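Heads up: take any position in the sequence shown, counting from 1, add 9, and you land on this note's numbering.
Quick reminder that beta carbons are idealized off the backbone N, C-alpha and C, glycines included.
The structure displayed is predicted, hence computed values, not measured ones.
Worksheet: one structure, shown below.
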Amino acid sequence: MTIAQRLATELSVREAQVSATLALLEDGATVPFIARYRKEATGGLDDSQLRELEDRHHYLKELEARRVTILDSIREQGKLTEALEAQLLAADSKGRLEDLYLPYKPKRRTKAQIAREAGLEPLAEALWRDPALDPAEATAAYLDADAGIASTDDALDGARQILMERWSEDADLVARLRAFLADNALLRSAAAPGAADDAEAAKFRDYFEHCEPLAGVPSHRALAMFRGRNAGFLQLALVMDPEEKAGDAHPCEAMLADHWEVTDRGRAADGWLGTTLRWAWRVKLLTRLQTDLLGDLRERAETEAIAVFARNLKDLLLAAPAGPRPTMGLDPGLRTGVKVAVVDGTGKLVDHATIFPHAPQKREAEAAAAVAALARRHGVELIAIGNGTASRETDAFVGRLLAAEPDIAATRVTVSEAGASVYSASQLASEEFPDLDVTFRGAVSIARRLQDPLAELVKIEPKAIGVGQYQHDVSQVALARQLDAVVEDCVNAVGVDVNMASAALLARVAGLSASLAAAIVTYRDSHGAFASRRALLAVPRFGDRTFEQAAGFLRVNGGENPLDASAVHPESYPVAEAIAASAGRTLAAVIGDGSFLKSLDPSAFVTAERGLPTVRDIIAELDKPGRDPRPAFQTAKLRDDVQSMADLVPDMVLEGTVSNVTNFGAFVDIGVHQDGLVHISRLADRFIRDPHSVVKAGDIVTVKVLAVDAPRKRISLTMRLSDSAADAEEGTAKADRPRGGRGRRGGDRREGRQDRQEKADRGGDKRRQQTAGGGAMAAAFAKARRGDS
Numbered sequence: 010m011t012i013a014q015r016l017a018t019e020l021s022v023r024e025a026q027v028s029a030t031l032a033l034l035e036d037g038a039t040v041p042f043i044a045r046y047r048k049e050a051t052g053g054l055d056d057s058q059l060r061e062l063e064d065r066h067h068y069l070k071e072l073e074a075r076r077v078t079i080l081d082s083i084r085e086q087g088k089l090t091e092a093l094e095a096q097l098l099a100a101d102s103k104g105r106l107e108d109l110y111l112p113y114k115p116k117r118r119t120k121a122q123i124a125r126e127a128g129l130e131p132l133a134e135a136l137w138r139d140p141a142l143d144p145a146e147a148t149a150a151y152l153d154a155d156a157g158i159a160s161t162d163d164a165l166d167g168a169r170q171i172l173m174e175r176w177s178e179d180a181d182l183v184a185r186l187r188a189f190l191a192d193n194a195l196l197r198s199a200a201a202p203g204a205a206d207d208a209e210a211a212k213f214r215d216y217f218e219h220c221e222p223l224a225g226v227p228s229h230r231a232l233a234m235f236r237g238r239n240a241g242f243l244q245l246a247l248v249m250d251p252e253e254k255a256g257d258a259h260p261c262e263a264m265l266a267d268h269w270e271v272t273d274r275g276r277a278a279d280g281w282l283g284t285t286l287r288w289a290w291r292v293k294l295l296t297r298l299q300t301d302l303l304g305d306l307r308e309r310a311e312t313e314a315i316a317v318f319a320r321n322l323k324d325l326l327l328a329a330p331a332g333p334r335p336t337m338g339l340d341p342g343l344r345t346g347v348k349v350a351v352v353d354g355t356g357k358l359v360d361h362a363t364i365f366p367h368a369p370q371k372r373e374a375e376a377a378a379a380v381a382a383l384a385r386r387h388g389v390e391l392i393a394i395g396n397g398t399a400s401r402e403t404d405a406f407v408g409r410l411l412a413a414e415p416d417i418a419a420t421r422v423t424v425s426e427a428g429a430s431v432y433s434a435s436q437l438a439s440e441e442f443p444d445l446d447v448t449f450r451g452a453v454s455i456a457r458r459l460q461d462p463l464a465e466l467v468k469i470e471p472k473a474i475g476v477g478q479y480q481h482d483v484s485q486v487a488l489a490r491q492l493d494a495v496v497e498d499c500v501n502a503v504g505v506d507v508n509m510a511s512a513a514l515l516a517r518v519a520g521l522s523a524s525l526a527a528a529i530v531t532y533r534d535s536h537g538a539f540a541s542r543r544a545l546l547a548v549p550r551f552g553d554r555t556f557e558q559a560a561g562f563l564r565v566n567g568g569e570n571p572l573d574a575s576a577v578h579p580e581s582y583p584v585a586e587a588i589a590a591s592a593g594r595t596l597a598a599v600i601g602d603g604s605f606l607k608s609l610d611p612s613a614f615v616t617a618e619r620g621l622p623t624v625r626d627i628i629a630e631l632d633k634p635g636r637d638p639r640p641a642f643q644t645a646k647l648r649d650d651v652q653s654m655a656d657l658v659p660d661m662v663l664e665g666t667v668s669n670v671t672n673f674g675a676f677v678d679i680g681v682h683q684d685g686l687v688h689i690s691r692l693a694d695r696f697i698r699d700p701h702s703v704v705k706a707g708d709i710v711t712v713k714v715l716a717v718d719a720p721r722k723r724i725s726l727t728m729r730l731s732d733s734a735a736d737a738e739e740g741t742a743k744a745d746r747p748r749g750g751r752g753r754r755g756g757d758r759r760e761g762r763q764d765r766q767e768k769a770d771r772g773g774d775k776r777r778q779q780t781a782g783g784g785a786m787a788a789a790f791a792k793a794r795r796g797d798s
């Protein structure tokens, strides 16, 4: 099967679609360009499908390269048989390839190799094939002091090493054992020696006695346990039963015995063979398989965590823009004051100041006068308040000011300032504001991200925006690659005004590099605004190939050609002109005429170069040129009487903004400096598997307070407004009640389950997790004996 055929099967698409996409990618086309302007070739694959295809193609290419290396290595050893070659060619993963290669992989001299060199392989073979032989008597012919075999024990130990190595390197058996453990093993986490008395380890105490099925460990718990292990506070192991002890028999030993036909019938060598088999499992296989499976778990957890981060980042980048309106940004502070920056509708800084309305200075009247003067002078319509320290105090101050000054018709909005400090200290900010203090740059960023979140957030490294889970514990290379792809897709989905965009935003346009984006800005500053898309070709190093990739995503508003302000690619202008000509009208007259455009038959304008999907896109774009896919702007109404966790009361109903979505629920900013958690079980009145199906970052939601744990800085919320704090407390009590106690029926049982799950997701319910594997050992033995896996 070719790579294209395999990708087609995996993605459930036609091979022709895959081949065409791979050809475009190898020719240098970008994913946004292919997704938007080459639908005929790809059969309409969207950007997410194309990204997945690109990633899988990269993996399969690496797999093929490794396969060739392994085949060459075994061939050079003269050990490549037709059967082995067929197995290697059929291997569909890197793990399977390595299992097959293990017996032939060049390695340091092992104890087994030394034993073979001493001539002990016939002894090992004889004892295995004929257990009736007496081990002590059988060794007599193999004693050789010069070869290091001076005693019976030396000979038997060498023979054992040979069998252990052989029994642990059978690829098919290893695959069966791995699959069995993946399906049946439990992941047990325990406190490392001394961790219980370490204050730093307290955050991991929920995992000091924790056990759950390996196959069901969610990514956030897996990464939490791996973090604890890496910090030296936790020890992780795969077990078949929570109470398993070091010397207990393991069901995989039975699988080994069955495979290698080792049975105890009371013969002379049966005891020695049984010990050899146990050692093969515990010394050779268990550690290896545990490492592999924990590595697989970590890889799955990282992949899921990165996917969660990517989804949240996409939602944040595509959040509703407030638009080109004069905006005041406030970066709150106490001792150092509140930094104020005013930007005009284009985001240009026009004024700034520092005010001290809070303790210890408490110069509120002076601060109010300064803010009011700035607002009137620049016609401020929006006031963006950072959500950091002193945010609620600053919000309350602005509220009093607006109430006292009714002529200032500005709307105040709390804005996430995640990453603002990173931008403030960046080289980009230094170049943009060389003479502005770093503290004011943050206020500028806060104001601009309200006007256009996408245009401002692209200036910040995606990881610094902070909408992921365990983002520092995952592969930073994989995370950066995924997040960069998300930013690129978002920027190109919205489009970029080439006469307004910063170099940072332009650099995210398909086909443009950072240096070319800077060259565009430099040329624009020297020659004035671009009058058309074609004018971009005058920029140094902006060639035809770059123009093909980037032009459709760049907008020229008010230029020479009205199509330059749309997503219609210049290569398709003749089709748009033909549409206008068919009605005897100009392009300007046709654009926006929905009734006329909806009456057209798209197939009438299909050409050899532009197929039906492209023509349909052109007509849709002519109907609403340059349309923004982002939602309408709205803000949460925060209560003035709720400014800290101390102000929260159970059953209080509040509005808030979803700040982060994880696999186990959504965090909501309700304006108290600590986001509350709506557990997945409380997001809706129906069962849901994925919180993203209900909410996304940036959504405005109504929540009810269920519980407040001030010492641990935890707020439990619900979006099911029929829930009550009393019921939630009772459900939690039942979750902690020893098993065997009787509870009420119906809804109470459901609430108990939900609270147990929330506790597990917060950190783990010890008793519930420990009993999860009850009876697992006996069932696993039976399953292993039957050969089920």
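| Rounded to a whole number of angstroms, what is the C-alpha to C-alpha distance between Ala246 and Ser228? | Roughly 17 Å between the two C-alpha positions.
| task | Reducing DSSP to helix, strand and coil, say where Ser541 ends up. | result | Three-state DSSP puts Ser541 in coil, outside helix and strand.
| query | For Gly157, which residues from the same chain have a beta carbon less than 8 Å from its beta carbon, with the 5 sequence-adjacent residues on both sides left out? | reply | So the list reads Ile123, Ala127, Asp163, once near-sequence residues are dropped.
| Cβ neighbour criterion (16 or more within 10 Å) applied to Glu221 | Per the 10 Å Cβ criterion, buried.
| query | Measuring CB to CB, does Leu343 end up less than 8 Å from Thr423? | reply | Inclusion of Leu343 and Thr423 in the CB contact set at 8 Å is not warranted, their separation being larger than that value.
| Segment limits, beta strand (DSSP E) that includes Leu245 | Here the beta strand (DSSP E) through Leu245 covers 243 to 248.
| query | Helix, strand or coil for Gln763 per DSSP? | reply | Reliability fails at Gln763, whose pLDDT of 47 lies under 50, so the model's placement of it is uncertain and no value is given.
| field | Lys114 - containing alpha helix (DSSP H), residue span | value | That residue, Lys114, is in no alpha helix (DSSP H); it is neither H nor E in DSSP.
| said: Tell me the DSSP secondary structure of Ile697 in three-state form. | reply: Coil at Ile697, not helix or strand.
| For Leu686, which residues does DSSP report across the bridge? | Paired residue(s): Phe676, Ser725.
| said: Can you check which of these residues, Arg564, Arg533, Ser541, is closest to Pro549 by C-alpha distance? | reply: Ranking Arg564, Arg533, Ser541 by CA distance to the CA of Pro549 puts Arg533 first.
| query | What are the start and end residues of each continuous alpha helix (DSSP H) run of 4 or more residues lying completely inside the stretch 44 to 71, in chain order? | reply | Complete alpha helix (DSSP H) runs here, min 4: 48 to 51.
| query | Sorted by chain position, which residues of the same chain lie with C-beta nearer than 7 Å to Ala201's C-beta, five sequence neighbours on each side aside? | reply | Taking C-beta separations shorter than 7 Å and ignoring five residues to either side along the sequence, the partners of Ala201 in its chain run Gly241, Phe242, Leu243, Gln244, following chain order.
| said: Looking only at its chain, what residues have a beta carbon closer than 7 Å to the beta carbon of Asp446, apart from the 5 residues adjacent to it on each side? | reply: Counting only Cβ-Cβ distances below 7 Å, and skipping sequence neighbours, we find nothing.
| Helix, strand or coil: which one does DSSP assign to Asp155? | In the three-state reduction of the DSSP assignment, Asp155 falls in the helix class.
| Which partner residues of Pro222 appear in the DSSP bridge assignment? | Its beta-bridge partners are Leu195.
| field | Lys254 versus Phe189: straight-line alpha-carbon distance, rounded | value | Distance between the alpha carbons of Lys254 and Phe189 is about 20 Å.
| query | Taking buried to mean at least 16 other C-beta atoms within 10 Å of its own C-beta, is Arg197 buried or exposed? | reply | Classification for Arg197: buried.
| request: Measure how close the beta-carbons of Ser454 and Tyr432 come, nearest whole angstrom, since I'm counting them as under 8 Å. | output: Contact between Ser454 and Tyr432 holds, with the beta-carbon distance rounding to 5 Å and staying under 8 Å.
| query | Roughly how many whole angstroms lie between the Cα atoms of Phe582 and Ile628? | reply | For the sequence presented, residue 582 should be read as Tyr rather than Phe. Between the alpha carbons of Tyr582 and Ile628 lies a gap of roughly 12 Å.
| query | Quick one: Cα of Ser439 to Cα of Asp206, how far? | reply | Between the alpha carbons of Ser439 and Asp206 lies a gap of roughly 46 Å.
| field | Three-way DSSP call (helix, strand, coil) for Asp482 in this model | value | Collapsing the DSSP output to three states places Asp482 in coil.
| query | Where does Ala399 sit, in a helix, a strand or coil, going by DSSP? | reply | Coil, per DSSP.
| query | Can you list the alpha helix (DSSP H) stretches of 4 or more residues lying completely in the stretch 428 to 453, in chain order? | reply | Segments of the alpha helix (DSSP H) lying fully in the stretch 428 to 453: 429 to 433, 436 to 441.
| query | Under the rule that 16 or more other beta-carbon atoms within 10 Å means buried, what is Ala413, buried or exposed? | reply | Ala413 is exposed by the Cβ-count criterion.
| Between Val599, Ala487, Arg138, which lies nearest to Glu313 when the distance is taken from Cα to Cα? | In terms of CA proximity to Glu313, Ala487 leads the group Val599, Ala487, Arg138.
| Meets three-Cβ-pair contact criterion under 8 Å: the stretch 107 to 118 and the stretch 137 to 153 | Pairwise C-beta distances place the stretch 107 to 118 out of contact with the stretch 137 to 153, as fewer than three of them are shorter than 8 Å.
| Taking the alpha-carbon positions, what's the Gln170 to Trp176 distance? | Approximately 10 Å between the Cα atoms of the pair.
| task | Check each candidate in Glu218, Leu596, Leu726, Val658 and name the one with the smallest Cα separation from Leu631. | result | Nearest Cα to Leu631 within the set Glu218, Leu596, Leu726, Val658: Leu596.
| 6 Å Cβ shell around Lys120 - same chain, five flanking residues per side excluded | Hits under 6 Å: Gln170.
| task | Have a look at Val704 and Trp288 and give me their C-alpha separation to the nearest angstrom. | result | Cα to Cα, Val704 sits roughly 52 Å from Trp288.
| Cβ atoms of Leu142 and Ser191: under 8 Å apart, would you say? | Note on residue identity: the sequence assigns Ala, not Ser, to residue 191. Ala191 is not a Cβ neighbour of Leu142, given a cutoff of 8 Å.
| field | Endpoints, alpha helix (DSSP H) assigned at Ala255 | value | Segment: none, Ala255 is in no alpha helix (DSSP H) and carries neither H nor E.
| task | Provide the residue(s) that pair with Gly665 in DSSP beta bridges, ordered along the chain. | result | DSSP lists Val710 as partners of Gly665.
| said: Looking at the strands, I want to know which residues DSSP matches up with Arg236. | reply: As DSSP reads the structure, Arg236 sits in no beta bridge.
| task | Taking 8 Å as the cut-off, decide whether the C-beta atoms of Leu195 and Cys261 are in contact. | result | No, they are not a contact pair.
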